[in-house]
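The number in my numbering is simply the position in the sequence shown, starting from 1, with 15 added.
Quick reminder that beta carbons are idealized off the backbone N, C-alpha and C, glycines included.
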Amino acid sequence: LDWQINDDFSLKNIVNYRELEFLNWADLDLSTLNRVNVAIPFDDEQVSNELQLTYQGEKFNGMAGLYYYKETFDGSTDVWIGGTTLFQLVGNSETEALSPFWNATYDFTDKLTLRAGGRLNSEERSIENSSGIGVQVPSAIATDDRRFNEYTGEYGVDYSISDDVMTYYTYSQGYRSGAALVFQTNSPIIDPTTVDNHEIGLKSQFADGRFTANLALFDATVNDLQRTQARLNAA
């Protein structure tokens, strides 16, 4: 939905819905007998809504918004031998987030522009991982419920040396909330990742835009990096 309220203000609303049903089937023994198999089915459902109010003026431009997100996940890993369940791992998780955000620019002069923006990330995650052997009903092996709150911002300045050359500096923060690890037996919700980034650069265009030259230098510090790693577990 886009609504031009007047010459200065506009309103936008974005709704999104996504549903995924997935099944992965593999033959573990790699033989023609097809006796040992593993099935990984899961269902994932996501819904989000983003509301934006934008102002465009002569020197000042700004935007304020509110973002909502919810996701539910249900999945399992089933190992079969000759049509009989050997064991099963089950994971169920739910995520709900609400994040207000803003962004603004102000032209002090024709050459100097200040930029600022921020976002408050508020998110709650819950997860329950279970396991069962044979026909046994899966029982909980790891549960977790955590809330994350983090404010991230971006602040910068642009200066036009000439009509063709512009230099800038930006300080920005990045954030990725703690992920919920399905089928994990301990610490199923991990800590979030944060990034502090400084960037300085130059952008230029010559020959009526036919020649472009850009230069950037940045330094990023990443804390509590999230990554997936496969390791050999020696007995």
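Three-state class that DSSP yields for residue i in the structure shown
i           : result
residue 15  : Limits of the chain in this structure are 16 at one end and 250 at the other, which puts residue 15 out of reach.
residue 87  : strand
residue 148 : strand
residue 124 : coil
residue 178 : coil
residue 240 : coil
residue 198 : coil
residue 59  : strand
residue 132 : strand
residue 97  : coil
residue 161 : strand
residue 173 : strand
residue 211 : strand
Chain-order list of residues whose beta-carbon lies under 6 Å from that of residue i (same chain, five-residue window excluded)
i           : result
residue 28  : 16, 66
residue 239 : 206, 208
residue 34  : 60
residue 115 : 81, 135
residue 57  : 37, 90
residue 179 : 219, 220, 221
residue 172 : 129, 184
residue 68  : 26, 79
residue 308 : Look at the range of the chain in this structure, 16 to 250, and you will see that residue 308 is not part of it.
Run of the beta strand (DSSP E) containing residue i, from where it starts to where it stops
i           : result
residue 193 : Per DSSP, residue 193 belongs to no beta strand (DSSP E) and is neither H nor E.
residue 225 : No beta strand (DSSP E) holds residue 225; DSSP gives it neither H nor E.
residue 33  : 24-42
residue 17  : 17-19
Buried or exposed (CB count within 10 angstroms, at least 16 for buried), residue i
i           : result
residue 103 : buried
residue 36  : exposed
residue 106 : buried
residue 96  : exposed
residue 149 : exposed
residue 140 : buried
residue 204 : buried
residue 142 : buried
residue 98  : exposed
residue 22  : exposed
residue 177 : exposed
residue 228 : exposed
residue 154 : exposed
residue 189 : exposed
residue 160 : exposed
Whole-Å CB distance - residue i paired with residue j, under 8 Å assumed
i           : j           : result
residue 169 : residue 136 : Actually they do not touch by this definition, with Cβ atoms about 14 Å apart.
residue 41  : residue 53  : 5 Å
residue 87  : residue 73  : That pair is no contact at about 46 Å.
residue 144 : residue 197 : 7 Å
residue 216 : residue 231 : 4 Å
residue 191 : residue 244 : 17 Å between Cβ atoms; not a contact.
residue 175 : residue 212 : That pair is no contact at about 23 Å.
residue 132 : residue 163 : Not quite, the Cβ-Cβ distance comes to about 20 Å (not below 8 Å), so this is no contact.
Interface flag, residue i vs chain C, CB-CB below 8 Å
i           : result
residue 102 : No chain C is part of this structure, which consists of one protein chain only.
Cutoff 7 Å; reference residue i; Cβ partners in own chain excluding five residues on either side
i           : result
residue 233 : 212, 213, 214
Own chain, CB closer than 8 Å to residue i, minus 5 neighbours either side, in chain order
i           : result
residue 125 : 175
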